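In the working numbering, the protein residues as written are 14 to 327.
Glycine included, every Cβ here is placed at the ideal spot set by N, Cα and C.
Being a predicted model, the structure only gives us computed values, none of them experimental.
Structure, as structure tokens:
The following block contains the structure:
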């Protein structure tokens with residue numbers, strides 16, 4: 014650690030000692046408090062965070078400066094953009110349906126997808142697994158890597174409720190792997206809250222594709238980052254489909270053609286006599302077949318006996 018870095022680290026450790034907080038390891042909230050109480054130019058603040066991160070990296074600890082909280086503090090423009098995006102996302106989430114089929118299914122999934130887009134990149138959202146999300150009071154904790162969980166909290170949106178509504182769908186399909194039954198429940202507005210607690214928290218994808226009829230893949234399949242981006246942009250630009258119920262076309266009755274009248278067949282006087290004569294000739298020609306087949310069977314038995322004797326002698 015060079016002299017300038019030692020000075021920064023000493024400033025941070027002295028402040029932590031004064032406020033009775035641990036400098037190593039520390040957490041993003043402590044780093045944010047330190048930056049708030051020591052205002053200076055953005056470049057200097059970034060260097061301070063870099064020194065704190067380096068100290069944690071050398072110790073094999075998660076780097077607190079990589080959290081969204083600290084990154085937002087270091088980039089005022091980024092913070093403003095995120096706040097505008099969060100407001101647009103919250104407004105759109107409030108408009109999404111929770112019941113109906115398949116609209117309710119799309120609405121529940123897309124609401125969580127939009128909420129996650131407030132803090133994660135599209136590729137990160139696509140790769141999320143069920144066991145990477147946990148809840149702490151009114152905040153979602155997203156466990157992506159060793160640097161600690163990302164915190165998702167939208168001021169005007171209950172992100173925990175958004176998450177639980179999608180868990181209700183996952184829990185229902187875990188117990189009843191039938192999208193037809195799910196469609197019936199969503200169609201009549203049934204209460205699915207009990208299924209959220211039974212949803213399995215394993216390494217299957219958290220968010221899956223849904224086709225136009227409201228069916229999800231039988232084998233859990235991940236979304237792609239491109240498809241996540243397409244869904245998010247469609248919602249935020251007002252071009253998202255409404256996902257109305259797809260009705261099957263009624264089957265029209267086909268006209269049955271009138272039966273064709275069969276014509277009488279007139280047989281000549283020798284027809285039956287010729288048939289009897291043909292059967293008699295065939296019987297005479299085939300009279301020796303039984304003896305031939307018997308001879309073949311005897312020869313096959315002899316060959317098998319010879320083969321067995323050879324094998325036994327070896």
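Item                                                                                                     : Value
8 Å CB neighbourhood of residue 142 in its chain, flanking five on each side removed                     : 215, 216, 217, 218 and 219
Which of helix, strand or coil DSSP assigns to residue 147                                               : strand
Length-filtered (4 minimum) alpha helix (DSSP H) runs lying within the region 173 to 250                 : 192 to 200 and 238 to 249
C-beta contact flag for residue 182 and residue 167 at 8 Å                                               : no
Within 8 Å, strictly: CB atoms of residue 185 and residue 154                                            : no
Residue ranges of each beta strand (DSSP E) within the region 82 to 152, 3 or longer                     : 146 to 149
At least three beta-carbon pairs within less than 8 Å, the region 74 to 85 to the region 98 to 110       : no
Continuous alpha helix (DSSP H) assignments of at least 4 residues falling wholly in the region 37 to 61 : 41 to 50
6 Å Cβ shell around residue 172 - same chain, five flanking residues per side excluded                   : 128, 153 and 165
Proximity winner among 120, 41, 213 and 229, relative to residue 85 (alpha-carbon distances)             : 41
Buried or exposed by the 16-neighbour rule on C-beta atoms within 10 Å, applied to residue 226           : exposed
Identity of the residues DSSP links to residue 290 by a beta bridge                                      : Residue 290 pairs with nothing; no bridge assigned.
For residue 154, three-class secondary structure by DSSP                                                 : strand
Run of the alpha helix (DSSP H) containing residue 24, from where it starts to where it stops            : 16 to 31
Bridge-paired residues (DSSP) for residue 164                                                            : 154
Rounded straight-line distance, which links the Cα of residue 232 to that of residue 62                  : 44 Å
Beta carbon proximity, residue 123 to chain D, threshold 8 Å                                             : Protein chain content of the structure displayed is limited to a single chain, and chain D is not contained in it.
Identity of the residues DSSP links to residue 169 by a beta bridge                                      : DSSP, once it has assigned bridges, lists no residue as partnering residue 169.
Beta-carbon proximity check, residue 121 vs residue 111, cutoff 8 Å                                      : yes
C-beta atoms of residue 188 and residue 211 nearer than 8 Å                                              : yes
Local conformation of residue 76 per DSSP, three classes                                                 : coil
Pick from 24, 32 and 73 that is closest to residue 57, judged by C-alpha positions                       : 24
Reference residue 67, options 97, 123 and 19, closest by Cα                                              : 19
With 16 other Cβ atoms within 10 Å as the buried cut-off, status of residue 176                          : buried
Nearest neighbour of residue 43, chosen from 137, 252, 82 and 316 [CA to CA]                             : 82
Exposure label - residue 290; buried when at least 16 CB within 10 Å                                     : exposed
CB of residue 64 within 8 Å of CB of residue 22, strictly                                                : yes
Selection from 45, 48, 37 and 106 that minimises the alpha carbon distance to residue 73                 : 37
Three-state secondary structure assigned by DSSP to residue 303                                          : helix
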